[in-house]
Amino acid sequence: MILNIKDKQKCTFDAVSLGEVMLRLDPGEGRIRTTREFKVWEGGGEYNVIRGLRRCFGLKTAVITAFADNEVGKLMEDLILQGGVDTSLIKWMKTDGIGRVCRNGLNFTERGFGIRGAVGCSDRANTAISKATPADLDFEYIFGELGVRWLHTGGIYAALSEQSSETVIKAIKTAKKYGTIVSYDLNYRPSMWSAIGGKEKAQEVNKEIAKYVDVMIGNEEDFTACLGFEIEGNDADLKTLNLDGYKKMINEAAKTYPNFKVVATTLRTVKTATVNDWSAICWADGEIYKASQYDNLEILDRVGGGDSFASGLIFGLMETGDPEKAVNYGAAHGALAMTTPGDTTMASRSEVEAIMNGAGARVKR
533 MILNIKDKQK
543 CTFDAVSLGE
553 VMLRLDPGEG
563 RIRTTREFKV
573 WEGGGEYNVI
583 RGLRRCFGLK
593 TAVITAFADN
603 EVGKLMEDLI
613 LQGGVDTSLI
623 KWMKTDGIGR
633 VCRNGLNFTE
643 RGFGIRGAVG
653 CSDRANTAIS
663 KATPADLDFE
673 YIFGELGVRW
683 LHTGGIYAAL
693 SEQSSETVIK
703 AIKTAKKYGT
713 IVSYDLNYRP
723 SMWSAIGGKE
733 KAQEVNKEIA
743 KYVDVMIGNE
753 EDFTACLGFE
763 IEGNDADLKT
773 LNLDGYKKMI
783 NEAAKTYPNF
793 KVVATTLRTV
803 KTATVNDWSA
813 ICWADGEIYK
823 ASQYDNLEIL
833 DRVGGGDSFA
843 SGLIFGLMET
853 GDPEKAVNYG
863 AAHGALAMTT
873 PGDTTMASRS
883 EVEAIMNGAG
893 ARVKR
């Protein structure tokens, strides 16, 4: 086993996530700027992973987050409960009537089609979780008393505010103290870091976080922007993918951060918003493992595909300990998740494993 994962019988939860959960307001086939109605989902980079582990793979999971205690917060709790994720670790924070003290986040997202790419418009400043401190979220109780096998968090939450980056660091340090595996998705968003110091701040924060991470997830741009590593001579086309370049970069990262046990990334060639080539790679013990490649993958909603990759990867590592199987779980789960609307998965483990084994898209009756 490349990871020393705690005994399931000694932990309340298989996995928990730390991050923001927002309402996703989705205009369906239309556009944000012209719609007269939205479908409502819940979503968030870190939460999507933990929901996938529960809903698709059947693990016992919980979300560590904070909501303003109002009707919108209660709606988000109800959506989370529908996904089977435990809500007992949510911190409910008092707010005033119009959100000056704290509020709940909104994320307007349109899916894109053909030559028109997906568009996101978030409204998430001053949210409850961005203001939460370690005193609000009792990490000693969560990791020390309850027991957790795996913590997942990421760079989207770390960028919410200066306070949130401090909270991430406290959480992962506490998790490591109690033997919990930590995974982190770099998920660099320039617009989120711009107000708190830009790329320089992103590197300062993420280089500190990286010291405590067991499983690091991020694409080429994430590693460059957040950690300062670059791939030489890479090509965006998966058919001419420079795996040696990836291996060189990841080996350099692993020398800098010897705590990295696994490094993984999705690989995507965007032909149109609705047709991508899709795959993934995983590094462990100095070796690169590439997942099966899904050429001309038809996409209904690409948002959350990377999060579903992460949940499949984590499940594969926890279940099998085999990085090659794990990266294939991730790639297949991410591919399936992008065939349905919303940030979160609607796939089952049996469907994921069927895709891994080469199943086609014939009608099932």
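For the sequence shown, the numbering used here gives the first residue as 533, with consecutive numbering after it. In this text, a Cβ means the ideal position worked out from N, Cα and C, and glycines have one as well.
Looking only at its chain, what residues have a beta carbon closer than 8 Å to the beta carbon of residue i, apart from the 5 residues adjacent to it on each side?
| i | result |
| --- | --- |
| R656 | E552, M554, G637, L638, N639, S662 and L692 |
| M724 | I688, A691 and L692 |
| K733 | W725 |
| D854 | G848 |
| I582 | A547, V548, S549, T593, A594, V595, V617, H684 and S843 |
| V859 | A796, A812, I813, C814, Y821, K822, A823, L845 and G848 |
| Y716 | H684, T685, G686, G687, I704, I741, A742, V745, V747, M748 and I749 |
| G646 | T804, A805 and T806 |
| Q735 | A757, C758, L759 and G760 |
| D668 | A598, K623 and M625 |
| N738 | G687, A690, L718, C758 and L759 |
| T619 | A594, V595, E609, I612 and L613 |
If you reduce the DSSP assignment to three classes, tell me which class residue i lands in.
| i | result |
| --- | --- |
| D776 | helix |
| C634 | coil |
| M554 | strand |
| A805 | coil |
| N639 | strand |
| S880 | coil |
| G575 | strand |
| D546 | strand |
| F675 | helix |
| F645 | strand |
Span of the beta strand (DSSP E) holding residue i?
| i | result |
| --- | --- |
| G687 | Note, G687: premise wrong, no beta strand (DSSP E); alpha helix (DSSP H) at G687 to A690. |
| D827 | Y826 to E830 |
If you follow the alpha helix (DSSP H) that residue i is part of, which residue opens it and which one closes it?
| i | result |
| --- | --- |
| D628 | Note, D628: premise wrong, no alpha helix (DSSP H); not H, not E. |
| L868 | P855 to A869 |
| I704 | E694 to K709 |
| T852 | G837 to T852 |
| G560 | No alpha helix (DSSP H) holds G560; DSSP gives it neither H nor E. |
| K896 | Element bounds for K896: n/a, residue is neither H nor E. |
| V737 | G730 to I741 |
| P873 | Counting along the chain, P873 falls outside any alpha helix (DSSP H), and DSSP gives it neither H nor E. |
| P722 | P722 to W725 |
Using C-beta distances below 6 Å, list every residue in its chain close to residue i, excluding the 5 sequence neighbours before and after it, in chain order.
| i | result |
| --- | --- |
| K592 | F545 and D546 |
| V795 | M748, I782 and W815 |
| R643 | A650 and D833 |
| G584 | S840, S843 and T877 |
| I728 | E694 |
| G652 | T641 |
| T712 | F675, V680 and L683 |
| N719 | G577, G686, G687 and I688 |
| F755 | F761 |
In its own chain, which residues sit with a C-beta less than 7 Å from the C-beta of residue i, not counting the 5 before and 5 after it?
| i | result |
| --- | --- |
| Y710 | F675 and G676 |
| G560 | K571 |
| L770 | L799, T801, D809, S811 and Q825 |
| A664 | A598, K623 and T699 |
| I534 | K793, V794, A816, D817, G853 and P855 |
| G576 | G551, E552, V553 and M554 |
| V714 | L683, I704, A707, K708, Y744, V745 and D746 |
Return the bridge partner residues of residue i from the DSSP annotation.
| i | result |
| --- | --- |
| T659 | R635 |
| T798 | A812 |
| E819 | A816 |
| D717 | G686 and I749 |
| S654 | N639 |
Spell out whether any CB of chain D is found under 7 Å from the CB atom of residue i.
| i | result |
| --- | --- |
| A863 | Any reference to chain D falls outside this structure, which holds one protein chain only. |
Can you tell me whether residue i sits near the ligand PLP, meaning its C-beta is under 6 Å from at least one heavy atom of the ligand?
| i | result |
| --- | --- |
| V747 | This structure lacks the ligand PLP; in fact it carries no ligand of any kind. |
> Which runs of the alpha helix (DSSP H), 4 residues or longer, sit entirely within the segment 577-623?
Replying inline: 577-587 and 603-614
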